[in-house]
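For reference, the structure is listed below as C-alpha cells.
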Amino acid sequence: MRICHWFTRFRLVLCGGFAAMLLVTSTGCQMDIAGQTLPSPYYLMDDVEYYAPGPEFKLSREAADLQARNADAIDE
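If you use numbering that gives the first Met the number 0, the sequence shown corresponds to residues 0 to 75, in order.
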C-alpha cells in the first residue's frame with residue numbers, strides 16, 4: 000500500500016510539473032506597454048517596412064515657397 004501511495008504522489012507531482020512547464024512555455028514573454036502588446040504574436044510573420052529618412056525640417060517646400068514669394072515681393 001505504501002508503494003502505491005508513493006507512486007500516486009509521484010505521478011501527481013510529475014503531472015503538476017508538466018502542467019506548470021506547459022503553462023510557462025505557452026504564455027510567452029508578452030508585455031502590455033501603453034496599450035500595445037509587445038512583442039506582437041505575429042512579429043515573425045510581419046514584413047519589414049523601410050521608410051527612407053526625410054528632411055529634418057518637415058516644411059521645406061513651404062519654406063522655399065515663402066522665400067520665393069518674399070523675393071518676388073521685394074523685387075516688385
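Beta carbons are placed, not taken as given, at the ideal position from N, Cα and C, and that holds for glycine.
Quantities reported herein were computed from a predicted structural model and do not represent experimental measurements.
Whole-angstrom distance between residue j and residue i, CA atom to CA atom
i	j	result
GLY4	GLY16	A small fix is needed here, since residue 4 is His in this sequence, not Gly. About 18 Å.
CYS28	MET20	14 Å
VAL47	GLU55	23 Å
ALA94	GLY53	The requested residue 94 is not part of the displayed model; the chain covers only 0 to 75.
ALA62	ASP71	14 Å
LEU22	TYR50	39 Å
Close beta carbons around residue i, own chain, < 6 Å, minus the five adjacent residues each side
i	result
LEU37	MET30
Cβ neighbours of residue i in the same chain (closer than 8 Å, five flanking residues each side left out)
i	result
TYR41	none
Segments of 3+ residues assigned as beta strand (DSSP E) that fall wholly inside the stretch 20–47: 30–32, 35–37
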